[in-house]
Amino acid sequence: MTFREGDDLPPSTRPQSLMFSFLGVYVLGRDVAVYSGSVIDVFARLGVTEEAVRSTLTRMVKRGLLARHRSGRKTYFGLTAHATAVLEDGRRRMWETGAVNRDWDGAWTLVGFSLPDDRRATRHDLRSQLSWAGFGLLQSGMWIAPGVKDVRAIVAGLGLRDHVTVLTASAAEPTESADLVRKAFDTEQIAARYHAFLDRWDIPDPQAALPDDLARQLLLHTDWLQLVRQDPHLPAEHLPPDWPAIRAEQVTRTLARAYEQPARDLAAKVLDELRPGA
Numbered sequence: 256m257t258f259r260e261g262d263d264l265p266p267s268t269r270p271q272s273l274m275f276s277f278l279g280v281y282v283l284g285r286d287v288a289v290y291s292g293s294v295i296d297v298f299a300r301l302g303v304t305e306e307a308v309r310s311t312l313t314r315m316v317k318r319g320l321l322a323r324h325r326s327g328r329k330t331y332f333g334l335t336a337h338a339t340a341v342l343e344d345g346r347r348r349m350w351e352t353g354a355v356n357r358d359w360d361g362a363w364t365l366v367g368f369s370l371p372d373d374r375r376a377t378r379h380d381l382r383s384q385l386s387w388a389g390f391g392l393l394q395s396g397m398w399i400a401p402g403v404k405d406v407r408a409i410v411a412g413l414g415l416r417d418h419v420t421v422l423t424a425s426a427a428e429p430t431e432s433a434d435l436v437r438k439a440f441d442t443e444q445i446a447a448r449y450h451a452f453l454d455r456w457d458i459p460d461p462q463a464a465l466p467d468d469l470a471r472q473l474l475l476h477t478d479w480l481q482l483v484r485q486d487p488h489l490p491a492e493h494l495p496p497d498w499p500a501i502r503a504e505q506v507t508r509t510l511a512r513a514y515e516q517p518a519r520d521l522a523a524k525v526l527d528e529l530r531p532g533a
């Protein structure tokens, strides 16, 4: 049984997003490569076509995220060092950092920049990467994020060392940290994303149309990772006491535990693995 085309799936279920979840659960830390045909079998459970899977694998090889290994007529795909770093970051965000920032020490990271019009594309890339890293726009050319953030990789990757100023600071009167949260971050939009997540998962028998717990596990991991990656991890003390991320995190952990063993049992039957170093 596979998920039918046209059934309702959350927007996080692009093949590449699902692929990152699959690799994070079944390949990360195991020193194995997986046969493309068995990956296709797994993704069929989520309505992803063979063509989409093969295209995703090829793109990830070109981006240096996957390495091909051959055994006979079969092609297997394993992680590169770059992919391992990306997946480890995702794992930490999902299961260690959490969705609720209860340990904030009052510090803010500020990033200021000014780029000429002929570097408009670079300016767009910088804004996108800062947003992805949890920064919000406080005012023109000034972005902030709670806590101490290391943005060296972003700045160096865009070649902007001489155009960016990075500071750590705390709010001083008449400015309050609550004002910074209100001005720089759209908390209503963040909350709406969590409520949408809860509408999908905090119900009896969530994703019942999916064929098994392997499919539900991958969809849950993908949906949750996309959600926490969009969350700037704002200080809990400046958010409403009924902040929906609290319930969403509880639901995710409960469902992840429920799906874990049945999903791994199914994966063991479906996946064809190769140990490249053997």
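Start counting the sequence shown at 256; every next residue gets the next number (the numbering used here). Think of the CB as a built atom: it goes at the ideal place given N, C-alpha and C, for glycine as much as any other residue.
For Gln-561: DSSP bridge partner residues: Nothing can be reported for residue 561: it is not among the residues displayed for the chain, which extend from 256 to 533.
Classify Gln-462 as buried or exposed, calling it buried when 16 or more other Cβ atoms lie within 10 Å of its own Cβ. Looking up residue 462 in the sequence shown gives position 207. It counts as buried.
Does the Cβ-Cβ distance between Val-294 and Val-308 come in under 8 Å? By one-based count along the sequence shown, residue 294 stands at place 39. By one-based count along the sequence shown, residue 308 stands at place 53. Yes. Within cutoff.
Is it true that the stretch 321–339 meets the stretch 352–364, where meeting means three or more beta-carbon pairs spaced less than 8 Å apart? no
Could you check the C-alpha separation between Arg-502 and Asp-373 for me, to the nearest Å? Here residue 502 refers to the residue found at position 247 of the sequence shown. Here residue 373 refers to the residue found at position 118 of the sequence shown. The alpha-carbon atoms of Arg-502 and Asp-373 are separated by roughly 46 Å.
I'd like the span of the alpha helix (DSSP H) that includes Ser-425, first residue to last. As a working mapping, residue 425 is identified with position 170 in the sequence shown. Here Ser-425 belongs to no alpha helix (DSSP H), and DSSP marks it neither H nor E.
8 Å CB neighbourhood of Thr-330 in its chain, flanking five on each side removed: As a working mapping, residue 330 is identified with position 75 in the sequence shown. Closer than 8 Å at Cβ, skipping near neighbours: Tyr-290, Ser-291, Arg-323 and His-324.
Under the three-state reduction of DSSP, which class applies to Gly-333: helix, strand or coil? As a working note, residue 333 is residue 78 in the sequence shown. Three-state DSSP puts Gly-333 in a strand.
What does the Cβ neighbour count give for Trp-350, buried or exposed, with the cut at 16 atoms within 10 Å? On the sequence shown, position 95 is the one that residue 350 refers to. Trp-350 is exposed by the Cβ-count criterion.
Helix, strand or coil, according to DSSP, for Phe-440 in the structure here? On the sequence shown, residue 440 is found 185 positions in, with the first residue counted as 1. Residue state, collapsed to three classes: coil.
Cβ atoms of Pro-499 and His-450: under 8 Å apart, would you say? Translated into the one-based positions of the sequence shown, residue 450 becomes position 195. Translated into the one-based positions of the sequence shown, residue 499 becomes position 244. Yes; because the gap between Cβ atoms is below 8 Å, this pair is in contact.
With a Cβ-Cβ cutoff of 8 Å, do Ala-439 and Gly-391 count as a contact? Numbered from 1 along the sequence shown, position 184 holds the residue referred to as residue 439. Numbered from 1 along the sequence shown, position 136 holds the residue referred to as residue 391. Yes, they are a contact pair.
Short of 8 Å in beta carbon distance, which residues of its chain neighbour Gln-271, apart from the five on each side in sequence? Order them along the chain. As a working note, residue 271 is residue 16 in the sequence shown. These residues qualify, in order along the chain: Thr-311, Arg-314 and Met-315.
Cβ neighbours of Leu-422 in the same chain (closer than 6 Å, five flanking residues each side left out): Within the sequence shown, residue 422 is the residue found at index 167, counting from 1. Correct list, in chain order: Leu-365.
Does the separation of the CB atoms of Leu-249 and Arg-378 fall below 8 Å? Not covered by the structure: residue 249. The range shown for the chain is 256 to 533.
I'd like to check one pair, Val-506 with Asp-460: are the Cβ atoms closer than 8 Å? Here residue 460 refers to the residue found at position 205 of the sequence shown. Here residue 506 refers to the residue found at position 251 of the sequence shown. Not a contact, by the Cβ cut-off of 8 Å.
Rounded to a whole number of angstroms, what is the C-alpha to C-alpha distance between Val-341 and Ala-511? Position 86 of the sequence shown holds residue 341. Position 256 of the sequence shown holds residue 511. C-alpha separation (whole angstroms): 21 Å.
For Trp-479, count neighbouring Cβ atoms within 10 angstroms of its own Cβ and tell me buried if that reaches 16, exposed if not. Within the sequence shown, the letter at position 224 stands for residue 479. Looking at its Cβ environment, which holds 16 or more other Cβ atoms inside 10 Å, Trp-479 is buried.
For Asp-380, which residues from the same chain have a beta carbon less than 8 Å from its beta carbon, with the 5 sequence-adjacent residues on both sides left out? In the sequence shown, counting from the first residue as 1, residue 380 sits at position 125. Hits under 8 Å: Leu-413.
Quick one: grab the DSSP three-state call for Trp-359. The count along the sequence shown starts at 1 and reaches residue 359 at position 104. DSSP places Trp-359 in coil when its eight states are reduced to three.
Nearest-angstrom beta carbon gap, Leu-529 and Val-287 [assumed within contact, 8 Å]: For the purposes of this step, residue 287 is identified with residue 32 of the sequence shown, where counting begins at 1. For the purposes of this step, residue 529 is identified with residue 274 of the sequence shown, where counting begins at 1. Rounded, the Cβ-Cβ distance is 7 Å, consistent with contact.
Taking the CB atoms as reference points, tell me whether Glu-492 and Val-355 lie closer together than 8 Å. As a first step, residue 492 is located in the sequence shown; it is residue number 237 there, counting from the start. As a first step, residue 355 is located in the sequence shown; it is residue number 100 there, counting from the start. No, Cβ-Cβ distance for Glu-492 and Val-355 is not below 8 Å.
Does the distance from the C-beta atom of Leu-435 to that of Ala-426 stay below 8 Å? If you number the sequence shown from 1, residue 435 lands on position 180. If you number the sequence shown from 1, residue 426 lands on position 171. Result yes, Cβ atoms of Leu-435 and Ala-426 sit closer than 8 Å.
Buried or exposed: where does Gln-472 fall if 16 or more other Cβ atoms within 10 Å of its Cβ makes it buried? Translated into positions along the sequence shown, residue 472 becomes position 217. It counts as buried.
Write down the C-beta distance between His-476 and Thr-352 rounded to the nearest angstrom, noting that I regard them as a contact closer than 8 Å. Within the sequence shown, numbered from 1, the residue matching residue 476 stands at position 221. Within the sequence shown, numbered from 1, the residue matching residue 352 stands at position 97. Contact flag wrong, Cβ pair sits at about 15 Å.
Where in the stretch 301–356 do unbroken runs of the beta strand (DSSP E), each at least 3 residues long, occur, reported from the N-terminal end onward? 321–326 and 329–334
For the alpha helix (DSSP H) that contains Val-280, what are its first and last residues? Start at 1 with the first residue of the sequence shown, and residue 280 comes out as number 25. Where Val-280 is concerned, the enclosing alpha helix (DSSP H) stretches over 270–281.
Residue of Thr-335, Val-303, Thr-304 and Arg-455 minimising C-alpha distance to Lys-317: In the sequence shown, counting from the first residue as 1, residue 317 sits at position 62. Measuring from the Cα of Lys-317, the nearest candidate turns out to be Thr-335.
Through-space distance from Ile-399 to Phe-368, alpha-carbon basis: Translated into the one-based positions of the sequence shown, residue 368 becomes position 113. Translated into the one-based positions of the sequence shown, residue 399 becomes position 144. Approximately 12 Å, taken between the alpha carbons.
Straight-line gap, Glu-343 to Leu-482 (C-alpha atoms, nearest Å): On the sequence shown, position 88 is the one that residue 343 refers to. On the sequence shown, position 227 is the one that residue 482 refers to. The alpha-carbon atoms of Glu-343 and Leu-482 are separated by roughly 17 Å.
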